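Take 1044 as the starting number for the sequence shown in our numbering and just add one per residue. Data block below; observations after.
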Amino acid sequence: MKKEKLLFILAFILFVQLSHSQLIMIDSETGEYNYQDVITVSGISQQQIQVRAKEWLDLYYPENDSIKVLDTSLYKTGTTNFTWRLIKKDIEVTIFYDIEIKTKDNKYRYEYSNFREGKMNGGEIDAKDLQVYIDRFPTRYQIYIEEPIDTEITKAISSLDYFILNGTVENVDDDW
């Protein structure tokens, strides 16, 4: 009986810890939200990777500002819009983030950083740091903000990987 109680308590503690964990990737050095990785793509030149990455940025983020190209790097601001529910109120959110893709022969590095919540105001981004926005809400509701962001960034990264390798957009049927 004591063993069952102990297992129940441990399971409860684990559940509480997991329910308060964050989905969005956090940089261990800066503490800021950040997705980054280096991807190896054998047999593709730096120039070809850069051309494909630029095409992908234009296709995946057509609504935003133009792409800044510096030598072997591409920079663009990405946007994600979604609605989440706080108790009984729907809250529309626009998230802005910086995308950087650095290219070399046979590999590239992507980074999604500088996440912020806000609006476009006169062609300029008027936003606050995403962590500041999320911290305004009770902990149990923060997952409802983090989940759609993590889902969108993960989907974008997968799409980028496929596009760099194949030069085309992956056909994904979400209505199965």
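We put the beta carbon where it would ideally sit given N, CA and C, even for glycine. All of these numbers come straight from a predicted model, not from anything done at the bench.
Whole-angstrom C-beta distance between residue j and residue i, which should lie under 8 Å
i: Y1118; j: E1098; result: About 15 Å separates the two Cβ atoms, so there is no contact after all.
i: Y1104; j: T1122; result: 7 Å
i: H1089; j: T1115; result: Checking the displayed sequence, the identity of residue 1089 turns out to be Gln instead of His. 6 Å between Cβ atoms; contact.
i: T1137; j: N1124; result: 5 Å
Between the CA atoms of residue j and residue i - distance to the nearest angstrom
i: I1087; j: Y1184; result: 44 Å
i: T1182; j: K1132; result: 17 Å
i: S1202; j: T1211; result: 9 Å
i: Q1079; j: G1165; result: 31 Å
i: K1147; j: R1128; result: 43 Å
i: D1141; j: D1108; result: 11 Å
i: M1163; j: I1134; result: 17 Å
i: S1085; j: N1149; result: 5 Å
i: V1112; j: I1130; result: 44 Å
i: D1101; j: I1110; result: 8 Å
i: E1190; j: N1209; result: 28 Å
i: E1213; j: Y1076; result: 27 Å
i: T1083; j: Y1205; result: 12 Å
i: Y1153; j: I1196; result: 11 Å
i: D1172; j: E1106; result: 21 Å
i: F1180; j: V1081; result: 34 Å
i: F1139; j: Q1174; result: 13 Å
i: T1194; j: I1186; result: 12 Å
Cβ-based burial, residue i [other Cβ within 10 Å; buried from 16]
i: Q1093; result: buried
i: E1160; result: buried
i: I1188; result: buried
i: I1229; result: One cannot answer for residue 1229 here, as it falls past the ends of the chain, which runs 1044 to 1219.
i: Q1065; result: With a pLDDT of only 49 at Q1065, under the threshold of 50, the placement of this residue in the model should not be trusted; the figure read from the coordinates follows. Exposed, since its Cβ has fewer than 16 Cβ neighbours within 10 Å.
i: K1145; result: buried
Beta-carbon proximity check, residue i vs residue j, cutoff 9 Å
i: A1199; j: Y1151; result: no
i: R1095; j: I1192; result: no
i: T1120; j: I1168; result: yes
Unbroken alpha helix (DSSP H) runs of length 4 or more, entirely within the segment 1138 to 1179: which are they? Complete alpha helix (DSSP H) runs here, min 4: 1173 to 1178.
Exercise. What residue ranges within the segment 1071 to 1113 form continuous beta strand (DSSP E) runs of no fewer than 3 residues, ordered along the chain?
Worked result: Here the runs fully enclosed are 1078 to 1083 and 1111 to 1113.
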